[in-house]
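Participant: Got a structure for you, questions after.
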Amino acid sequence: MSLEQKNNSRDFIFKGNAKEWFGIWIVNLLLSIVTIGVYSAWAKVRTKKYFYGNTFVDGRNFDYHATGGQILKGRLIIIAAIIVFQIILTILPVVGLFLFIGLILLFPWLITRAMVFNARMSSFSNVRFDFVGTYGRAALVYLLYPILSALTLYTTFPILDRTVKRFTIDNLRFGTAEFKVDIPLGAFYKAAVIALLWVMVVAAAAYLTIASAIIASPEDNPMAVMLTGYAVFFIGLIPAGFIYQALTRNIIYNSTTLSGGHALRSNVSATQLFWIALSNMLVVVLTLGLMLPWAQVRVARYLSDHTGVEIGSSLDDFIGTEQEKATALGDAYSDIEGLDVGLPI
Amino acid sequence: MTQAFSLQGHVYLAVSSRRMAARIEAAPYEGVIWVRVIAEDGQELARAPLADAKIDTALGRTARKLTFDDGTLFETQDHAGFEALDTGTRGARLYALERFGPHLIAFTAACLVAAFLLWRYGLDTIAALAVAATPQVVVEKIDTGTLQTIDFAMAEDSMLTNEEEARARSIYARVLAALPENERNTRDFELLFRAMPAVGPNAFALPGGTIVVTDELIREFPDADVIAGILGHEIGHVVEDHGLHRLYRSLGAYALIALLVGETGPMLEDILLEGNALLSLSYSRAQESAADEFGLTLSHRAGFDPIGLKIFFERLGAGIGDDMQWMSTHPNHSSRVEAIELYIRGLE
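Set out below in structure tokens:
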């Protein structure tokens, strides 16, 4: 499916292929194992460079500029801090409690640093990205709003999610150009309601099928309850996540603009995303992980094929800014905690 | 490079996204090789000694890039031509390793073997090293800290009579005396009693050597052989450092997955974490079985009948369903009783 209908529209194009990426990936893995994890910092750089460097818009590619040394340093500091924190937590639980509160307050800083690092280390067409979100705003978005959302029993989750997306996109810069996202709240609620309906339908269906299959009354049968739980998790919750993400991704991209009259476009489909994730998982598990590179390329290609940009003025007119330093601490933290703060490509 | 050479590509002007067709030329001048970027109209856009320009390591078929100090970027898809500018570097060797070819079969095999060894032995080795590196003071502090948490969350002061406690202590002293002296002296063994109605008849060991026994155990299982078997089991956990091993092992597995595998995408991530949790449960069950054997040997050596541990699990097992062993941190009671019977036969 092509987004290129008007002549000022350009698709994202991913030119990487599984065969080539496999070689890079397996060397990354082997060197990482042989060096007991040290090379993994350089492996990360090669991974990002490969996927960025193969993503094109209008003949120009993205690039990633962090060095392995930078990332290794960040990771060592974060790992040392985690170990010290764990020791203190077990030895002096009371001091640990205060430290824990400190860590919670540190979280918005770490996540902003991670976004700044990722943005500054990424470029498109020789112009670097930047991130200008402040600690205060991040503290509201990542600490206060989640608490408020929990207090309303997550009925305000779409508001929280929209706030997070606004924070990450409105503070993103491309050279001197600014990203701007303007999303109607109703669209988020609609996505959440559709996802929730899916879960409820699956839960009801699973409960009825399994309960009727097992003659004993389900309340007394832990097996039936557990099977229902698994069914709801795998057929209900996980696909619901895809439904929500696919719907909101399209809304977010289609409401994002960049100074100069450029606008992003997305038309991913929840069913296709789910099918790709499900079949990828099966193939990767059955091949002991060896088909992971193929799976990753497949996802990158699908997302690129369904992402585009409507060009306003010329892509030649962006101006870069003075290079600023960035600490890799937040990036290392988000790697270890498995948080996703990369560019929303 | 001895002679002048030229390569077609594109240039991005310094601190700008402007892109235009250009060529790069390299030529020796007074013993130094210089590179120049020239636009199609013949205008020179950048010039520097080759040694001062930054060349990105080749990576698959992504464009080869050469960046000047001022931010001017030249890129080309002409990989073969570009190699003349970038020979014999570390990057070139890495690139050769990554290219698709028969050597990757050997690499793949090496990775599979390494991953298996890492999972089978590496994690244990890492955990053992970490345990050895943990100072005794820290381990004892873990005991103090954990005990505080237990006392706060789920335990009351013991309600045992002095006689009941004295009797349990004398059994404990006999079992501990059966432990080789060097193993007894390296740990700070201590027996504590707590009332824990929610936990029931049970006992647990903290890594530093603190062993906590519930009132419910002493009251419901007054048989000296039972108490001796359970104390032996808990001493086994302490002597073999099970608690710390498990802690380090799970931390190590988590860090390895996060750093080596990196981003796997949705769903796979869930599977990896679930799988890791299930594997660590099987590890915990293996520790329980090892502690059972340790306890049987120790109580037997101390002059108790090892049948005590069997009686305990048989009584506990009565009335509780035994399925779903793979979901539990402990082996189920019936398979435990069987293993104990087998081991007792070996002792006699």
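These protein sequences, in sequence, are chains H and U.
The first sequence begins at 21 in this note's numbering and counts up by one.
The second sequence begins at 703 in this note's numbering and counts up by one.
Virtual Cβ for every residue (Gly too), placed ideally from N, Cα, C.
Predicted model only: the values in this text are computed from it and were never measured.
Per DSSP, which one or two residues make a beta bridge with Ser708(U)?
Facilitator: Mapped onto the second sequence, residue 708(U) falls at position 6. Paired residues: Glu727(U).
Participant: Using 8 angstroms as the Cβ pair cut-off and three pairs as the minimum, do the stretch 292 to 302 of chain H and the stretch 201 to 210 of chain H touch?
Facilitator: With a cut-off of 8 angstroms, the stretch 201 to 210 of chain H and the stretch 292 to 302 of chain H do not count as touching, because too few Cβ pairs lie within range.
Participant: Does the beta-carbon distance from Val47(H) to Phe895(U) come in below 9 angstroms?
Facilitator: Mapped onto the first sequence, residue 47(H) falls at position 27. Mapped onto the second sequence, residue 895(U) falls at position 193. The answer is no: Cβ separation not under 9 angstroms.
Participant: Can you grab the Cα-Cα spacing for the pair Phe118(H) / Ile99(H), in whole Å?
Facilitator: Taking the first sequence and counting its residues from 1, the one referred to as residue 118(H) is at position 98. Taking the first sequence and counting its residues from 1, the one referred to as residue 99(H) is at position 79. When rounded, the distance between both Cα atoms is 20 angstroms.
Participant: Going by DSSP, what residue range makes up the alpha helix (DSSP H) through Gly783(U)?
Facilitator: Within the second sequence, numbered from 1, the residue matching residue 783(U) stands at position 81. Taken as a continuous stretch (DSSP letters only), the alpha helix (DSSP H) holding Gly783(U) covers His781 to Phe784.
Participant: Which first and last residues belong to the beta strand (DSSP E) in which Asp83(H) is found?
Facilitator: Along the first sequence, one-based indexing puts residue 83(H) at 63. Where Asp83(H) is concerned, the enclosing beta strand (DSSP E) stretches over Arg80 to Tyr84.
Participant: For Leu998(U), which of Leu1049(U), Val737(U) and Ala960(U) has the nearest alpha-carbon?
Facilitator: Working through the second sequence from its first residue, we reach residue 998(U) at position 296. Checking every option, the nearest Cα to that of Leu998(U) belongs to Leu1049(U).
Participant: For chain U, find out if any of its Cβ atoms is closer than 9 angstroms to the Cβ of Asp336(H); answer yes or no.
Facilitator: Within the first sequence, the letter at position 316 stands for residue 336(H). By this cut-off, Asp336(H) is an interface position.
Participant: Using alpha carbons as the reference points, say which of Lys756(U), Gly945(U), Arg721(U) and Leu1000(U) lies closest to Ile740(U).
Facilitator: Position 38 of the second sequence, counted from the first residue, corresponds to residue 740(U). Here the closest residue by C-alpha is Arg721(U).
Participant: Flag Tyr264(H) as yes if its beta-carbon sits less than 9 angstroms from any beta-carbon of chain A, otherwise no.
Facilitator: The structure shown has no chain A; the protein chains it does contain are H and U.
Participant: Assuming Ile203(H) contacts Ile272(H) (C-beta within less than 8 angstroms), just tell me the rounded distance between them.
Facilitator: Numbered from 1 along the first sequence, position 183 holds the residue referred to as residue 203(H). Numbered from 1 along the first sequence, position 252 holds the residue referred to as residue 272(H). Rounded, the Cβ-Cβ distance is 6 angstroms, consistent with contact.
Participant: Taking only beta carbons into account, state which residues of the stretch 198 to 222 of chain H come closer than 7 angstroms to chain U, listed in chain order.
Facilitator: Residues: none.
Participant: Considering only C-alpha positions, which residue in the set Ser29(H), Asn28(H), Gly36(H) and Arg157(H) is nearest to Tyr322(H)?
Facilitator: Within the first sequence, the letter at position 302 stands for residue 322(H). Closest option to Tyr322(H), Cα to Cα, is Gly36(H).
Participant: Look at the alpha carbon of Ala101(H) and the alpha carbon of Phe76(H), and state the distance between them as a whole number of angstroms.
Facilitator: As a first step, residue 101(H) is located in the first sequence; it is residue number 81 there, counting from the start. As a first step, residue 76(H) is located in the first sequence; it is residue number 56 there, counting from the start. Each residue's Cα considered, the two are about 39 angstroms apart.
Participant: Closer than 8 angstroms: is that where the CB of Gly938(U) sits relative to any heavy atom of the ligand GDP?
Facilitator: Looking at this structure, you won't find the ligand GDP or any other ligand, since it has none at all.
Participant: Which residues does DSSP list as the beta-bridge partners of Glu995(U)?
Facilitator: Position 293 of the second sequence, counting from 1, holds the residue named residue 995(U). Looking at the DSSP assignment, Glu995(U) forms no beta bridge with any residue, so it has no partner.
Participant: When burial is assigned at 16 or more other CB atoms within 10 Å of the CB, is Gly733(U) buried or exposed?
Facilitator: Against the second sequence, residue 733(U) aligns to sequence position 31. By the neighbour-count rule (16 or more Cβ atoms within 10 Å), Gly733(U) is not buried but exposed.
Participant: Anything in chain U within Cβ reach of Lys39(H), meaning under 8 angstroms, just list it in chain order.
Facilitator: In the first sequence, the residue the question calls residue 39(H) occupies position 19. By Cβ distance, chain U contributes Phe802.
Participant: According to the Cβ coordinates, are Asp78(H) and Ser142(H) closer than 9 angstroms?
Facilitator: Reading the first sequence from its first residue, position 58 is the one you call residue 78(H). Reading the first sequence from its first residue, position 122 is the one you call residue 142(H). Contact flag unset, no.
Participant: Taking 8 angstroms as the cut-off, does the stretch 800 to 819 of chain U touch the stretch 48 to 66 of chain H (at least 3 CB pairs, one atom from each stretch)?
Facilitator: Judged by Cβ distances under 8 angstroms, the stretch 48 to 66 of chain H makes contact with the stretch 800 to 819 of chain U, as three or more pairs qualify.
Participant: Kindly indicate if chain H contains any beta-carbon less than 9 angstroms away from that of Ala817(U).
Facilitator: In the second sequence, the residue the question calls residue 817(U) occupies position 115. Yes, Ala817(U) counts as interfacial toward chain H.
Participant: Would Asp845(U) pass as a contact of Thr912(U) if the rule is Cβ separation under 9 angstroms?
Facilitator: Taking the first residue of the second sequence as position 1, residue 845(U) is located at position 143. Taking the first residue of the second sequence as position 1, residue 912(U) is located at position 210. Their beta carbons are under 9 angstroms apart, which means Asp845(U) touches Thr912(U) by this criterion.
Participant: How would you label Phe151(H), buried or exposed, when you count the other beta carbons within 10 angstroms and need 16 or more for buried?
Facilitator: Here residue 151(H) corresponds to residue number 131 of the first sequence, with the count starting at 1. When all chains shown are included, Phe151(H) counts as buried.
Participant: What does the alpha-carbon distance come out to for the pair Val65(H) and Tyr874(U)?
Facilitator: As a working note, residue 65(H) is residue 45 in the first sequence. As a working note, residue 874(U) is residue 172 in the second sequence. In a straight line, the C-alpha of Val65(H) is about 58 angstroms away from that of Tyr874(U).
Participant: May I ask you to list, following chain order, the residues of the stretch 101 to 134 of chain H that have a beta carbon less than 7 angstroms from some beta carbon of chain U?
Facilitator: Those residues of the stretch 101 to 134 of chain H that come within reach of chain U (Cβ to Cβ, closer than 7 angstroms) are Ile107, Thr110, Ile111, Leu112 and Pro113.
Participant: What's the call for Met301(H), buried or exposed, on a 16-neighbour Cβ count within 10 Å?
Facilitator: Counted from its first residue, the first sequence places residue 301(H) at position 281. Label assigned to Met301(H): buried.
Participant: Could you give the residue range of the beta strand (DSSP E) that holds Ala857(U)?
Facilitator: One-based indexing of the second sequence puts residue 857(U) at position 155. Counting along the chain, Ala857(U) falls outside any beta strand (DSSP E), and DSSP gives it neither H nor E.
Participant: Measuring CB atoms only, is the stretch 166 to 173 of chain H touching the stretch 110 to 117 of chain H, in the sense that at least three cross pairs come out at less than 8 angstroms?
Facilitator: No, the stretch 166 to 173 of chain H does not touch the stretch 110 to 117 of chain H.
Participant: Determine, using beta carbons only, whether Ser718(U) comes closer than 9 angstroms to chain H.
Facilitator: Residue mapping note: residue 718(U) aligns to position 16 of the second sequence, counting from 1. It does: the Cβ of Ser718(U) has a partner Cβ on chain H nearer than 9 angstroms.
Participant: Measuring straight from C-alpha to C-alpha, what distance separates Val319(H) and Glu971(U)?
Facilitator: Here residue 319(H) corresponds to residue number 299 of the first sequence, with the count starting at 1. Here residue 971(U) corresponds to residue number 269 of the second sequence, with the count starting at 1. C-alpha separation (whole angstroms): 15 angstroms.
Participant: Can you check whether the C-beta of Arg66(H) is within less than 9 angstroms of a C-beta belonging to chain U?
Facilitator: Here residue 66(H) is taken as the residue at index 46 of the first sequence, counted from 1. For Arg66(H), the answer is yes, since a Cβ of chain U falls inside 9 angstroms of its Cβ.
Participant: So for Ala930(U), helix, strand or coil by DSSP?
Facilitator: For the purposes of this step, residue 930(U) is taken as residue 228 along the second sequence, with counting starting at 1. Of the three classes helix, strand and coil, the one that applies to Ala930(U) here is helix, per DSSP.
Participant: Is it buried or exposed for Thr219(H), if we count other Cβ within 10 angstroms and need 16 for buried?
Facilitator: As a position in the first sequence, residue 219(H) is number 199, starting the count at 1. Note on identity: in this sequence residue 219(H) is Val, with Thr being the wrong assignment. Val219(H) comes out buried.
Participant: Do you know how far the Cα of Pro751(U) is from the Cα of Ser279(H)?
Facilitator: Start at 1 with the first residue of the first sequence, and residue 279(H) comes out as number 259. Start at 1 with the first residue of the second sequence, and residue 751(U) comes out as number 49. Approximately 37 angstroms between the Cα atoms of the pair.
Participant: Beta carbon of Leu123(H), beta carbon of Phe144(H): below 9 angstroms?
Facilitator: The sequence position of residue 123(H) within the first sequence is 103, counting from 1. The sequence position of residue 144(H) within the first sequence is 124, counting from 1. Against a cut-off of 9 angstroms, the Cβ pair of Phe144(H) and Leu123(H) comes out as no contact.
Participant: Please tell me whether Gly762(U) has its Cβ less than 9 angstroms away from any Cβ of chain H.
Facilitator: Here the question's residue 762(U) lines up with position 60 in the second sequence. Yes, its Cβ sits closer than 9 angstroms to a Cβ of chain H.
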